[in-house]
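Residue numbers (my numbering): 2 to 161.
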């Protein structure tokens, strides 16, 4: 155990992309970054945080939209996802979930992960989904900032 180590600052950055199943789809996606704040390596309590993903489309008829979150840039996996210290090799395991009980990992629908679907997305009623994040306790890492980048992809499914 590293003595006197506190003050680890951790966050997840979302990069957004639009996947379109038909030409001419006009949708946008935005996501708030997730910050776990300060992580105390001596605490037995896991850290939780939330973020949001918002999708807005300007299409007639309003499409359905599938929201996917890609694997961790640092682990290359959905489980666990990992944040990396910005200057050291240390890594922190974490994950992103579709539900507040944090039992269903948000991914691309493969490897036991799930996606979220918004139906009939149209202005001025964008679809906003909450991302639930969990940083498990008991990880012995160096003090400093940690980060990860995941890609949010939306798949637009036009109505006929």
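We treat Cβ as the ideally placed atom computed from N, Cα and C, and that holds for glycine.
In chain order, what residues of the same chain have a beta carbon less than 7 Å from the beta carbon of residue i, not counting five sequence neighbours either side?
i, result
"residue 76", "82 and 83"
"residue 100", "133"
Report the rounded CA-to-CA distance for residue i versus residue j, giving the unit in angstroms.
i, j, result
"residue 64", "residue 153", "18 Å"
"residue 156", "residue 49", "28 Å"
"residue 85", "residue 150", "10 Å"
"residue 159", "residue 128", "15 Å"
"residue 125", "residue 66", "15 Å"
"residue 37", "residue 121", "32 Å"
"residue 35", "residue 161", "36 Å"
"residue 72", "residue 39", "23 Å"
"residue 104", "residue 41", "23 Å"
Please name the residue or residues paired with residue i in a DSSP beta bridge.
i, result
"residue 98", "106 and 133"
"residue 83", "94"
"residue 69", "154"
"residue 57", "29"
"residue 123", "126"
Once the 5 residues before and after residue i are set aside, which same chain residues still bring their CB inside 6 Å of it?
i, result
"residue 97", "70, 107, 132 and 134"
"residue 29", "57"
"residue 147", "11, 84, 86 and 93"
Figure out for me which residue from the options has the closest Cα to the Cα of residue i.
i, options, result
"residue 118", "36, 54 and 143", "54"
"residue 51", "33, 113 and 42", "33"
"residue 74", "127, 124, 95 and 112", "95"
"residue 141", "61, 38, 46 and 91", "91"
"residue 62", "123, 150 and 99", "123"
"residue 68", "136, 161, 109 and 147", "109"
"residue 31", "114, 130 and 87", "130"
Identify, in the order they occur along the chain, each residue of the same chain with its Cβ nearer than 8 Å to the Cβ of residue i, setting aside the five sequence neighbours on each side.
i, result
"residue 200", "For residue 200 there is no data in the structure shown, the boundaries of the chain being 2 and 161."
"residue 138", "44, 45, 46, 47 and 48"
"residue 59", "27, 28, 123 and 124"
Closest Cβ-Cβ distance between residue i and chain D: below 9 Å?
i, result
"residue 143", "Absent from the structure is chain D; it holds one protein chain and no more."
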